[in-house]
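When the letters of the sequence shown are read in order and numbered with the numbering used here, they come out as residues 1342 to 1658. Ideal Cβ placement from N, Cα and C applies to all residues, glycine included. Here the structure is a predicted model, which is why all the values come from computation and not from measurement.
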Amino acid sequence: MKKKFKALVGVMVVALLGITLVGCGGANLGSDSGDNGKVEKKAAKKVKIGVSLSTLNNPFFVSVKKGIMDASKNKNNVQVFDAQNDTAKQSNDVEDMIQKKVDILIINPVDSSAISSSVKDANDAGIPVITVDRSSDSGKVLTLVASNSTKGGQMAAKFMIEQLGKDAKIAELQGIPGASATRERGKGFDNSSKGKLDIVAKQTAGFDRAKGLTVTENILQGNAGIKGIFSQNDEMALGAVQAAKSANKKVLIVGFDGEEDGLKAVKSGDMAATVAQKPEEMGRLAVKAAYDHFNGKKVKAKIDSPLELVINDAYKK
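Written out as structure tokens, the structure is:
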């Protein structure tokens, strides 16, 4: 009985002590961290920018980098890392920049799901994140700078339907599984072509030209009568061009991105069209958003970069 009484007294003492501490400000049991959401202003030249691009083996992202560097007020305060299409490397690169305490991160994810943990780490470190071309599936980002990939897929489908007619057999080259651009471009194209085009093959070629060549070779060998190929980026489309030429087959090929080599291929007639983005503009817009943030300006959650369907003259009405 005495033990029970002593235990009860002990609990009461602890409870009273806790109340006293809270009342005196000795302990903060609330969740308020004191962060009022205000940004500490910083001159553009002093903003340290960390950049992680999915791959610099793709001319599109070389152009994004150029846009970033051109828009930078102080190039010495910009670090650029090439993830080489490796999610683990990208994660390590971002972690390195977090440890170096950059002021802001501009990330073009290899994979929208895999980058989420890195975005959350940056959130925990109080470093704002801007994503470019592809989004992050979770974690908080300041803004996404990107074209409307779903709309771009729709534009490609409409063009192919007009040129090839209903129920034409086509193939689709898909990008990196897990990348938001892959999902969105595919969604726009597939929904718009449903019941109008006969998609006999869909295969990933990882946004890579060499893989685009190999995958297209296999598709053409295994599927007779293919009239067109929609490629979710220009690099894979250029690989498809090589494969079609080697097989001596006339195939209408539509790409996506508007990179320099893709535009040349459209002009020469090797590709019928490409849904052209503005990669340099994406880079510039991302840097502008970073500077606006540290100037105390409100940054929109989504910043749209323009799209344009570039068509070979032979296909223009």
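Element boundaries [alpha helix (DSSP H), containing residue i]
{"i": "K1416", "result": "From DSSP, K1416 is part of no alpha helix (DSSP H); its letter is neither H nor E."}
{"i": "V1460", "result": "1457–1465"}
{"i": "A1626", "result": "One point to set straight first is that residue 1626 is Leu, not Ala, in the sequence displayed. Where L1626 is concerned, the enclosing alpha helix (DSSP H) stretches over 1620–1635."}
Cutoff 7 Å; reference residue i; Cβ partners in own chain excluding five residues on either side
{"i": "K1430", "result": "A1424"}
{"i": "M1410", "result": "K1416, V1419"}
{"i": "A1584", "result": "L1554, T1557, E1558, L1561"}
{"i": "Q1544", "result": "L1514, Q1515, V1556, I1560"}
{"i": "K1528", "result": "T1491, G1494"}
{"i": "L1626", "result": "V1486, I1644, S1646"}
{"i": "D1452", "result": "T1428, I1517, G1519, A1520"}
DSSP three-state assignment for residue i, whether helix, strand or coil
{"i": "L1394", "result": "strand"}
{"i": "A1642", "result": "coil"}
{"i": "Q1431", "result": "helix"}
{"i": "V1607", "result": "helix"}
{"i": "V1616", "result": "strand"}
{"i": "V1403", "result": "helix"}
{"i": "I1439", "result": "helix"}
{"i": "D1411", "result": "helix"}
{"i": "K1658", "result": "coil"}
{"i": "N1385", "result": "Reading the sequence as shown, one finds Ala at residue 1385 and not Asn. Three-state DSSP puts A1385 in a helix."}
{"i": "Q1425", "result": "coil"}
{"i": "N1653", "result": "coil"}
{"i": "D1373", "result": "Low confidence applies to D1373: its pLDDT is 27, below 50, so where it sits in the model is not reliable, and the reading given next is rough at best. D1373: coil per DSSP, three-state reduction."}
One or two residues paired with residue i in a DSSP bridge
{"i": "Q1562", "result": "According to DSSP, Q1562 bridges with nothing at all."}
{"i": "L1648", "result": "In DSSP, L1648 forms no bridge with anything."}
{"i": "Q1420", "result": "G1391"}
{"i": "L1483", "result": "Per DSSP, none; premise fails for L1483."}
{"i": "V1473", "result": "V1486"}
Neighbourhood of residue i by C-beta, 6 Å cutoff - its chain only, sequence neighbours within 5 removed
{"i": "K1461", "result": "G1480"}
{"i": "I1652", "result": "A1614"}
{"i": "D1633", "result": "V1640"}
{"i": "P1620", "result": "F1401, S1404, V1405"}
{"i": "A1542", "result": "A1512, I1560, N1564"}
{"i": "S1432", "result": "S1459"}
{"i": "G1624", "result": "V1405, G1408, I1409"}
{"i": "A1617", "result": "G1599, E1649, V1651"}
{"i": "I1570", "result": "A1512, A1581, V1592, I1594"}
{"i": "I1456", "result": "P1450, S1477"}
{"i": "S1533", "result": "Q1495, A1498"}
{"i": "D1531", "result": "none"}
{"i": "G1596", "result": "S1572, D1575, A1578, G1603, M1612, T1615"}
{"i": "I1445", "result": "I1390, P1469, A1631"}
heavy atom of the ligand GDP below 6 Å from residue i C-beta
{"i": "V1556", "result": "In the structure shown, the ligand GDP is absent, as is every other ligand, since no ligand is present at all."}
Residue span of the beta strand (DSSP E) that contains residue i, given as start and end
{"i": "I1447", "result": "1445–1448"}
Same chain only: Cβ atoms within 8 Å of residue i, ignoring 5 sequence neighbours per side
{"i": "N1464", "result": "V1470, G1480, K1481"}
{"i": "K1590", "result": "L1561, I1567"}
- Query: Which runs of the alpha helix (DSSP H) fall wholly inside the stretch 1564–1601 and span at least 4 residues, in chain order?
  - Reply: 1575–1587
- At which residue ranges does the stretch 1487–1563 contain complete alpha helix (DSSP H) runs of 4 or more residues, listed in the order of the chain? 1490–1505, 1521–1534, 1550–1563
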